Amino acid sequence: MLNPNATGGRPFAFFLTGFSGLGAGRQLWLSVPICFMYLVALSGNCLILAVVQLHPSLHEPMYLFLSMLSLTDLGLSLSTLPTVLQIYAFGSREISADACLAQLFFIHTFSVMESSVLLAMAFDRFVAIRHPLRYVSALTRGRIGGIGLAIALRGVGLHIPAPVLLKRLPYCRSHQLAHSYCLHPDVMRLACADTAPNSAYGLFVLLSTLGLDSLLILLSYVLILRTVLSIASRAERSKALSTCVSHVCAVLLFYTPLISLSMIHRFWKAAPHHTRILLSYLHFLVPPVLNPVVYSIKTRQVRKQIVRLFRQKNLTRRRKDPAFLDP
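Residue numbers (the working numbering): 134 to 460.
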């Protein structure tokens with residue numbers, strides 16, 4: 134159980150870390166762009182969900198998977214938001230052990246769910262390009278719902294053991310975490326007992342989720358490229374590849390910081406702390422911010438419906454204005 138050797142009778146707590154060496158004034162100023170990024174992430178993903186829900190023309194497999202991506206992005210943002218704002222906006226770094234374990238469960242669960250959704254979207258693009266005539270019949274709403282349920286069960290089921298295993302460990306070292314939120318490897322390294330079962334469990338989850346998903350996404354695009362290169366018309370090849378641009382951007386936004394952070398942990402142990410903090414922010418905060426932007430810009434149907442939605446709201450507002458009714 135959580136049983137540090139010196140708590141003075143107080144509830145056990147961990148201490149979060151932000152960018153070190155910042156004064157209170159700079160830290161408060163840093164909270165402004167961070168709050169803005171969270172606002173963009175939350176509003177952008179909610180907008181995508183609303184547009185797909187309100188317009189029947191977007192009730193197609195590609196956009197239903199986009200809705201799943203927005204849901205996971207919202208979950209990931211809401212999982213990291215409390216402690217990040219707690220550090221930069223309020224200057225508080227303490228988090229109770231139970232709250233820490235709950236946060237790491239949700240962060241890792243939504244992270245794996247996002248990886249799973251990206252894999253499902255890669256499969257969606259492969260089916261759309263390889264079998265365009267059977268695309269809609271192959272990916273029915275029932276099958277897409279089943280895929281979404283499997284993604285949720287996979288993420289939740291694989292991470293239920295994480296807080297249970299960590300809660301059984303004694304913590305008698307420094308309680309200082311290396312990030313602005315609780316992560317499984319970060320909490321595990323503070324234990325003063327054998328963590329081999331935890332390490333084995335964490336490696337299994339990593340390889341069977343993010344590792345396997347990334348390989349399958351790569352395989353999907355190898356098959357997509359083989360299919361595209363077999364198309365005779367250059368215009369049709371360009372059109373087919375253009376449908377994958379948004380998804381490729383989402384994959385790069387999600388996996389590039391993750392792989393970079395893993396390489397630093399493994400091969401550059403003397404890396405500055407600021408570098409690790411920045412890469413962790415890029416991994417957990419930037420994809421929820423930029424995914425709605427990328428899909429809004431690169432996907433014509435989504436962009437068209439967003440513009441139409443704002444025009445309708447603007448027209449409704451004008452009609453309620455008394456000046457609009459004057460002859």
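Even glycine gets a Cβ: it sits at the ideal position worked out from N, Cα and C.
These figures come from a predicted structure and were not determined experimentally.
Pairwise C-alpha distance: residue j and residue i
{"i": "Leu272", "j": "Phe198", "result": "11 angstroms"}
{"i": "Thr150", "j": "Ser244", "result": "21 angstroms"}
{"i": "Arg441", "j": "Asn331", "result": "51 angstroms"}
{"i": "Ser249", "j": "His406", "result": "30 angstroms"}
{"i": "Ser225", "j": "Ile293", "result": "28 angstroms"}
{"i": "Thr408", "j": "Ser395", "result": "12 angstroms"}
{"i": "Phe462", "j": "Ser413", "result": "In the structure as shown, the chain begins at 134 and stops at 460. Residue 462 is therefore absent and cannot be evaluated."}
{"i": "Gln236", "j": "Ser212", "result": "6 angstroms"}
{"i": "Val381", "j": "Pro303", "result": "43 angstroms"}
{"i": "Leu385", "j": "Leu343", "result": "13 angstroms"}
{"i": "Ile262", "j": "Val361", "result": "8 angstroms"}
{"i": "Met246", "j": "Phe145", "result": "30 angstroms"}
{"i": "Phe443", "j": "Lys437", "result": "10 angstroms"}
{"i": "Leu180", "j": "Glu193", "result": "17 angstroms"}
{"i": "Met201", "j": "Gly281", "result": "7 angstroms"}
{"i": "Gly142", "j": "His308", "result": "Its pLDDT being 38, under 50, Gly142 is placed unreliably by the model, and nothing is read from it."}
{"i": "His317", "j": "Lys372", "result": "42 angstroms"}
{"i": "Ile364", "j": "Leu291", "result": "41 angstroms"}
{"i": "Val260", "j": "Ala183", "result": "26 angstroms"}
{"i": "Ser313", "j": "Ile410", "result": "8 angstroms"}
{"i": "Ala283", "j": "Arg322", "result": "31 angstroms"}
{"i": "Asp327", "j": "Ile392", "result": "27 angstroms"}
Three-state secondary structure (DSSP) of residue i
{"i": "Ser190", "result": "helix"}
{"i": "Phe417", "result": "helix"}
{"i": "Phe148", "result": "strand"}
{"i": "Ser212", "result": "helix"}
{"i": "Ser229", "result": "strand"}
{"i": "Val440", "result": "helix"}
{"i": "Met134", "result": "Annotation note: pLDDT 48 at Met134 (below 50); position unreliable, no value reported."}
Rounded Cβ spacing between residue i and residue j (contact assumed at less than 8 angstroms)
{"i": "Val320", "j": "Leu299", "result": "6 angstroms"}
{"i": "Leu191", "j": "Gln434", "result": "6 angstroms"}
{"i": "Arg267", "j": "Thr376", "result": "16 angstroms between Cβ atoms; not a contact."}
Environment of residue i [buried if 16+ CB atoms lie within 10 Å]
{"i": "Phe148", "result": "exposed"}
{"i": "Thr140", "result": "Residue confidence is low: Thr140 scores 42 on pLDDT, short of 50, so the model does not pin down where it sits. No coordinate-derived value is stated."}
{"i": "Pro390", "result": "buried"}
{"i": "Cys315", "result": "buried"}
{"i": "Ser353", "result": "buried"}
{"i": "Ser379", "result": "buried"}
{"i": "Glu369", "result": "exposed"}
{"i": "Pro265", "result": "exposed"}
{"i": "Gly279", "result": "exposed"}
{"i": "Gln186", "result": "exposed"}
{"i": "Ala230", "result": "buried"}
{"i": "Gly275", "result": "exposed"}
{"i": "Ser176", "result": "exposed"}
{"i": "Ile228", "result": "buried"}
{"i": "Ala174", "result": "buried"}
{"i": "Pro460", "result": "Note that Pro460 scores 48 on pLDDT, short of 50, meaning its location in the model is unreliable and no value can be drawn from it."}
{"i": "Phe238", "result": "buried"}
{"i": "Val355", "result": "exposed"}
{"i": "Ala480", "result": "Examination of residue 480 is not possible in this model, given that the chain is present from 134 through 460 alone."}
Close beta carbons around residue i, own chain, < 6 angstroms, minus the five adjacent residues each side
{"i": "Asn138", "result": "Reliability of the predicted coordinates at Asn138 is poor, the pLDDT of 42 falling under 50, and the value obtained from them is presented with this limitation in mind. So the qualifying residues of the chain are Cys305."}
{"i": "Leu163", "result": "Tyr221"}
{"i": "Asp346", "result": "Ser248, Leu252"}
Close beta carbons around residue i, own chain, < 8 angstroms, minus the five adjacent residues each side
{"i": "Leu214", "result": "Tyr171"}
{"i": "Asn178", "result": "Ser203, Leu204, Asp206, Leu207, Ser210, Pro421, Asn424, Pro425"}
{"i": "Val289", "result": "Thr242"}
{"i": "Ile277", "result": "Pro194, Leu197, Phe198"}
{"i": "Phe387", "result": "Glu247, Ser248, Leu251, His416, Pro420"}
{"i": "Ser461", "result": "There is simply no residue 461 to check, as the chain begins at 134 and stops at 460 in what is shown."}
Contact set for residue i: own chain, Cβ-Cβ below 7 angstroms, skip 5 residues either direction
{"i": "Cys325", "result": "Pro303, Tyr304, Cys305, Arg306"}
{"i": "Leu374", "result": "Val361"}
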